[in-house]
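Residues in the sequence shown are numbered from 63 upward in steps of one, following the working numbering.
We put the CB at the ideal spot given by N, CA and C, even for glycine.
Presented below is the structure to which this report refers.
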Amino acid sequence: MLPTLLHEKQREADRVMQHASGDKRFKILEAHMKKHQFKHDALIEILHKAQELFGYLDDDLLLFVAYKLKLPASRVYGVATFYHFFTLKPQGKHTCVVCLGTACYVKGSAKVLAAVEARAKIKAGETTPDNQLSLLTARCIGACGIAPAVVYDGTVTPRQTPETALEHVKGWISHGN
Ligand code: FES
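What follows is the structure, encoded as structure tokens:
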């Protein structure tokens, strides 16, 4: 490989690791990979865990998995796009991921989700017609102590209620929706 390409690859890896370092969900995912001894044949299982934690698989997440498992990114992308049960990064400009794991659920996250669904006039897993907001769900994002948690544009936010969630997304929902 040409030295410049190698440099680029390293820079990309550094950027992804930097992104991952501030987010506890990446640590939980890494622990899960470790449990599977970073084995390549656990890739599908690991992507499932990643989707449970993040709600969808975006580029940095797939690259993180590829780097950690020492697999070519193309292989990880190939698997993520082949199976229908994986959701790649949604097309909405903004994302709202409501955790429906047990701790969040018992503290009312289903009501939070219902409130956003009603206001945005979309269901979980959908994007508003103007592509401003994608609404997703996750199963335990590793923040049970601050349940119910919602992730707005990648920021894990504690103790959400229908009111705080609507306040958060209101700028992302047009009146025409
Ligand atoms: S159940 Fe929601 S963060 Fe664990």
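Check: Distance, Cα to Cα, Leu197 vs Arg87?; Outcome: 19 Å
Check: Please state if the CB of Ala128 and the CB of Val174 are separated by a distance shorter than 8 Å.; Outcome: no
Check: Should His156 be labelled buried (16 or more other beta-carbon atoms within 10 Å of its own) or exposed?; Outcome: buried
Check: If you scan the region 151-195 from start to end, which runs of the alpha helix (DSSP H) of 4 or more residues do you find wholly inside it?; Outcome: 164-168 and 171-182
Check: Under the DSSP definition of a beta bridge, which residues are partnered with Ala104?; Outcome: Answer is none; Ala104 lacks a bridge partner.
Check: When you compare each of Ile208, Ile106 and Glu179 to Thr149 by their alpha carbons, which one comes out closest?; Outcome: Ile106
Check: Can you grab the Cα-Cα spacing for the pair Ile90 / Ser83, in whole Å?; Outcome: 12 Å
Check: Considering Thr219, what are the terminal residues of the beta strand (DSSP E) in which it resides?; Outcome: Thr217 to Thr219
Check: Do you know offhand how far Gly154's Cα is from Thr164's?; Outcome: 27 Å
Check: So what's Ala209 in DSSP terms, helix, strand or just coil?; Outcome: coil
Check: Compare the C-alpha of His81 against each of Glu114, Asp122 and Gln99 and name the closest.; Outcome: Asp122
Check: Output the residue ranges of the alpha helix (DSSP H) runs that lie fully inside the region 72-120 and measure 4 residues or longer, sorted by chain position.; Outcome: 86-97 and 105-116
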